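Engineer: Quick one: the structure is below, and I'll ask about it shortly.
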Amino acid sequence: MRPSAPEPGSASGPRRTRGAVRVLAAVAVTLPLLGAAPSPSPPGTARLQQAFAAAAAEYHVPQSVLLGVSYLQSRWDAHAGAPSVTGGYGPMHLTDARTALAAAGHHDEGTEDPRGDDARPSLRPEARSPRAGALPARLTTLPRAARLTGLSPERLREDPAANVAGGAALLAEAQRRLGEPLSGDPADWYGAVARFSGADETSAAAAYADDVYEVIRTGGERVTDTGQRVALAARPGLAPDTSTLGRTGPRTASAAGTECPPTVSCEWIPAPYEEFGDGDYGNHDLGNRPASQPIRYIVVHDTEGAWEGVLDMVQDPTYVSWQYSLRSTDGHIAQHVRAKDVAWHAGNWYVNAGSIGLEHEGFLAEPDAWYTEAMYRSSARLVKYLAKKYGIPLDRQHVLGHDTVPGPTSGTIPGMHTDPGPYWDWAHYFELLGRPFEATAGGHAGMVTIRPDYAANRPVFTGCGKAGEPCAAHGSSAVRLYSDHDEGAPLIRDTGLGSAPTTGVNDLSSRASTGQQYAVADRWGDWTAIWYLGQKAWFRNPKEQPTAVPASGLVVTPRKGLDSVPVYGRAYPEKEAYPEGVPAQSVSPLPYTLPKGQKYVTGGKVPGEYYYAVTFDEASHRVVTGKDLYYEIQFGHRVGFVRAADVTVRPA
Numbered sequence: 253m254r255p256s257a258p259e260p261g262s263a264s265g266p267r268r269t270r271g272a273v274r275v276l277a278a279v280a281v282t283l284p285l286l287g288a289a290p291s292p293s294p295p296g297t298a299r300l301q302q303a304f305a306a307a308a309a310e311y312h313v314p315q316s317v318l319l320g321v322s323y324l325q326s327r328w329d330a331h332a333g334a335p336s337v338t339g340g341y342g343p344m345h346l347t348d349a350r351t352a353l354a355a356a357g358h359h360d361e362g363t364e365d366p367r368g369d370d371a372r373p374s375l376r377p378e379a380r381s382p383r384a385g386a387l388p389a390r391l392t393t394l395p396r397a398a399r400l401t402g403l404s405p406e407r408l409r410e411d412p413a414a415n416v417a418g419g420a421a422l423l424a425e426a427q428r429r430l431g432e433p434l435s436g437d438p439a440d441w442y443g444a445v446a447r448f449s450g451a452d453e454t455s456a457a458a459a460y461a462d463d464v465y466e467v468i469r470t471g472g473e474r475v476t477d478t479g480q481r482v483a484l485a486a487r488p489g490l491a492p493d494t495s496t497l498g499r500t501g502p503r504t505a506s507a508a509g510t511e512c513p514p515t516v517s518c519e520w521i522p523a524p525y526e527e528f529g530d531g532d533y534g535n536h537d538l539g540n541r542p543a544s545q546p547i548r549y550i551v552v553h554d555t556e557g558a559w560e561g562v563l564d565m566v567q568d569p570t571y572v573s574w575q576y577s578l579r580s581t582d583g584h585i586a587q588h589v590r591a592k593d594v595a596w597h598a599g600n601w602y603v604n605a606g607s608i609g610l611e612h613e614g615f616l617a618e619p620d621a622w623y624t625e626a627m628y629r630s631s632a633r634l635v636k637y638l639a640k641k642y643g644i645p646l647d648r649q650h651v652l653g654h655d656t657v658p659g660p661t662s663g664t665i666p667g668m669h670t671d672p673g674p675y676w677d678w679a680h681y682f683e684l685l686g687r688p689f690e691a692t693a694g695g696h697a698g699m700v701t702i703r704p705d706y707a708a709n710r711p712v713f714t715g716c717g718k719a720g721e722p723c724a725a726h727g728s729s730a731v732r733l734y735s736d737h738d739e740g741a742p743l744i745r746d747t748g749l750g751s752a753p754t755t756g757v758n759d760l761s762s763r764a765s766t767g768q769q770y771a772v773a774d775r776w777g778d779w780t781a782i783w784y785l786g787q788k789a790w791f792r793n794p795k796e797q798p799t800a801v802p803a804s805g806l807v808v809t810p811r812k813g814l815d816s817v818p819v820y821g822r823a824y825p826e827k828e829a830y831p832e833g834v835p836a837q838s839v840s841p842l843p844y845t846l847p848k849g850q851k852y853v854t855g856g857k858v859p860g861e862y863y864y865a866v867t868f869d870e871a872s873h874r875v876v877t878g879k880d881l882y883y884e885i886q887f888g889h890r891v892g893f894v895r896a897a898d899v900t901v902r903p904a
């Protein structure tokens, strides 16, 4: 007995031969294809919906399955024919990694010491471009779709309707290879959906299919990046037949030993803790967190390389480490370092010692190299799990981008990394975390949360390809900051960088990011000023399309009698707190001050703390906690710290 009924209007039975001509004739009413007559046609905003209907009918795939798969890949967006971070094109994310990699540039985002610990010599691992290696099947679905449909690879990459047809052909092929009929009942397609993911591991394929069916059960509607309105009717009682999963072919990897929620696919690929040469060791430090010290932060990175090469690097004891890697195509997770241990990933030892690092397969300086919905969802589930387990607040002062981690000392500021960059969709990410950025105050509040419309917000950036050349126009989480309420005014200058501000994609000196919060310094028409790096920084914030919303919270300001207070890149204890055998670490201020009259939003109070771990033998490891307390603040694009004794805390 089938668990659910076929969809109205769905076809069943064997597919007719080589459906390319038939499908293109059907979708001629959806998108003009190579001179096809544009009329009769549905309303311009319904053409993609019609393309899904035409491809589903031609290849005998339930339309809900086709829409569900596409949503999990791309949220139905076309991305103007540009490839994802793993070479996926169009609404169906058909992968052609060889073509995408051939066009990709290399990105150098910084020269930081990943440990960021003054007690040890700087760690400067040789810069590498993670190899792509032999391309796995999940990265070559577009050439297969071309063979199945008779359509050219160029058309499948550039034409959304053709791309949808290619995805339908692949799903139908997967169903036939499982020995299953091309049923009109979406419940019968679980195995084909799992195979479509390209996952090389059973739990990853199952997690992907489960997500697709959750999308189908929930339904949804949105306007895509090309203005197309696409809808998927909810089927709340749909229960897929999962019995075909075992015939999909992927290997079975154990999640034993991993620290992941059951709602994601996760496997253990350990980073080595090994000694090598002259008493040195790598690539992380053993610890006893959270018993020894709290885990306060989660740090979001991108890999700047392909999955297989990234896994090679984290398994090298002479390289660096992070706790988790996340794969773009299907959201699969590999854990490398246990949460109790300290990975070398953020370039700031105070942050490393109190954080968990997540590397997402992707590239900062390729604006159209978009992330899949599957990876965003998997990452959000992992972060929610870790935040609940370790009591980490879900806000932008605790879920940090690597680009918001401060340089620990003045000399390190120019070399700090800038990933995941201006194209990571923080608004969508926090919606998936269940903490959307919404107004929490009314009217002219004394504090704002940066929240532009990601798709419509397209600041100009340079340096994605050749130096100085403009990056492709693209949605962004970043908001540019000026020294006056005029886009012709100079950009805000970051004195710590020691260089003039630019629109470079890696230049953080004059931009705020979605979800970050700042105290309001002034207003002028459609402009709002915030306190930023000791300056008044202006950004356009028109009422009809706001780039920030009113917020409430706590701010710090210099206590009475002080003209300014120093800002620090780490919250280390006072000298007297260090026991014998542990050298005291300097508490050196950064080249910034927080002047009298200015206010900065605080993420809360933290103790002065230092984890001493400079030997392979754990016997000498110590957590030093002082009496000095600090407040973490959003100071510029990055966070910083001020001594609690130097400031007064008040509501914004």
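First residue of the sequence shown? That's 253 in my numbering, and the numbers climb one at a time after it.
Ideal Cβ placement from N, Cα and C applies to all residues, glycine included.
These numbers were taken from a predicted model, which means no experiment stands behind them.
The alpha helix (DSSP H) with D463 in it runs from where to where?
Structural biologist: Start and end: 454–470.
Engineer: Quick check on T338: buried or exposed, where buried means 16 or more other Cβ atoms within 10 Å of its Cβ?
Structural biologist: With 16 or more other Cβ atoms within 10 Å, it is buried.
Engineer: Taking C-alpha atoms, which residue in H680, P660, Q850 lies nearest to P841?
Structural biologist: Of the candidates H680, P660, Q850, the one whose C-alpha sits nearest the C-alpha of P841 is P660.
Engineer: 8 Å is my cut-off, CB to CB: does R703 come that close to chain C?
Structural biologist: Among the chains of the structure shown, chain C does not appear; only one protein chain is present.
Engineer: In chain order, what residues of the same chain have a beta carbon less than 6 Å from the beta carbon of A426, not counting five sequence neighbours either side?
Structural biologist: These residues qualify, in order along the chain: A444, R447, F448.
Engineer: Does the Cβ of R548 lie closer than 7 Å to at least one heavy atom of the ligand MN?
Structural biologist: In the structure on display, the ligand MN does not appear, and there are no ligands present to speak of.
Engineer: Between G342, A424, I744, which lies nearest to V408 when the distance is taken from Cα to Cα?
Structural biologist: It should be pointed out that residue 408 corresponds to Leu in this sequence rather than to Val. It is G342.
Engineer: Do P672 and H584 come within 8 Å of each other at the CB atom, strictly closer than that value?
Structural biologist: Contact: no.
Engineer: Can you tell me whether DSSP reads F689 as helix, strand or coil?
Structural biologist: Here F689 sits in coil by DSSP.
Engineer: Using a Cβ-Cβ cutoff of less than 8 Å, which residues in the same chain neighbour F528 once the five nearest sequence positions on both sides are dropped?
Structural biologist: Same-chain partners within the cutoff: G534, P569, T570.
Engineer: For the candidate residues L785, F791, L684, whose alpha-carbon lies nearest to that of R775?
Structural biologist: Of L785, F791, L684, the residue nearest in Cα terms is F791.
Engineer: Just how far apart, CA to CA, sit G717 and L616?
Structural biologist: Each residue's Cα considered, the two are about 11 Å apart.
Engineer: Figure out for me which residue from Y549, Y628, P522, T692 has the closest Cα to the Cα of S804.
Structural biologist: Considering only alpha carbons, the answer is T692.
Engineer: Would you call the segment 824–832 and the segment 859–874 touching, i.e. three or more CB-CB distances under 8 Å?
Structural biologist: Yes, the segment 824–832 is in contact with the segment 859–874.
Engineer: Just the Cα atoms here: how many angstroms apart are V700 and N709?
Structural biologist: Distance between the alpha carbons of V700 and N709: 17 Å.
Engineer: Which residues bound the alpha helix (DSSP H) around S252?
Structural biologist: In this structure the chain extends from 253 to 904, so residue 252 is not present and cannot be described.
Engineer: Could you name the residues of the same chain whose beta carbon sits closer than 8 Å to that of L283, not counting the 5 residues immediately before and after it, in chain order?
Structural biologist: Because the pLDDT of L283 is 33, which lies under 50, any placement of that residue in the model is unreliable, and the number read from its coordinates should be weighed accordingly. The residues are R299, L300, A303, D411, P412, A413.
Engineer: Excluding the 5 residues preceding and the 5 following T478 in the sequence, name in chain order all residues of the same chain whose CB lies nearer than 7 Å to its CB.
Structural biologist: Once the five neighbours on either side are set aside, the close Cβ partners of T478 are A330.
Engineer: Which residues in the same chain as A865 place their Cβ atom closer than 6 Å to its Cβ, once the five residues preceding and following it in sequence are excluded?
Structural biologist: Excluding positions up to five away in sequence, the list reads D537, H873.
Engineer: Please name the residue in Y549, R428, D532 whose C-alpha comes closest to that of G856.
Structural biologist: Closest option to G856, Cα to Cα, is Y549.
Engineer: Name the residue from V834, P903, T766, R822 whose alpha carbon lies nearest to the alpha carbon of F893.
Structural biologist: F893 has its Cα closest to that of R822, out of V834, P903, T766, R822.
Engineer: Let me know if L881 comes out buried or exposed under the rule of 16 or more other beta-carbons within 10 Å of its beta-carbon.
Structural biologist: Label assigned to L881: exposed.
Engineer: Give the secondary structure of T755 by DSSP, where H, G and I count as helix, E and B as strand, and everything else as coil.
Structural biologist: Correct three-state label for T755: coil.
Engineer: Rounded to the nearest angstrom, what separates T624 and L578 at their Cα positions?
Structural biologist: About 11 Å.
Engineer: Once DSSP output is grouped into helix, strand and coil, what is the label at T768?
Structural biologist: Here residue 768 turns out to be Gln, not Thr, going by the sequence shown. Three-state DSSP puts Q768 in coil, outside helix and strand.
Engineer: Buried or exposed: S761, going by 16 or more other Cβ atoms within 10 Å of its Cβ?
Structural biologist: Buried is the call here.
Engineer: Could you name the residues of the same chain whose beta carbon sits closer than 6 Å to that of W441, not counting the 5 residues immediately before and after it, in chain order?
Structural biologist: Excluding sequence neighbours, W441 sits near V317.
Engineer: Spatial neighbours of A456 within its chain, please: C-beta separation below 6 Å, excluding the five flanking residues on both sides.
Structural biologist: Same-chain partners within the cutoff: S517, D582, H584.
Engineer: Which same chain residues, not among the five before or five after D463, have their C-beta less than 7 Å away from its C-beta?
Structural biologist: Correct list, in chain order: L324, A626, R629.
Engineer: Kindly indicate which residue of G368, G450, E406 has the alpha-carbon position closest to the one of L391.
Structural biologist: Ranking G368, G450, E406 by Cα distance to L391 puts G450 first.
Engineer: Can you check which of these residues, A789, P674, R481, D348, is closest to V757 by C-alpha distance?
Structural biologist: With distances taken between Cα atoms, V757 lies closest to P674.
Engineer: When you compare the segment 877–891 with the segment 584–596, are there three or more beta-carbon pairs, one atom per stretch, that lie closer than 8 Å?
Structural biologist: The segment 877–891 is not in contact with the segment 584–596.
Engineer: On the three-state DSSP scale, how would you describe I665?
Structural biologist: DSSP places I665 in helix when its eight states are reduced to three.
Engineer: Less than 7 Å between C-beta atoms, sequence neighbours within five positions excluded: which residues of the same chain meet that for Q649?
Structural biologist: Here the set comprises G855, E884, Q886, V891.
Engineer: Mind checking which residues open and close the alpha helix (DSSP H) that includes S316?
Structural biologist: Looking at the DSSP string, the run of the alpha helix (DSSP H) that includes S316 is 315–326.
Engineer: Relative to the C-alpha of D554, which residue among L610, Q797, T454 is closest?
Structural biologist: Nearest C-alpha to D554: L610.
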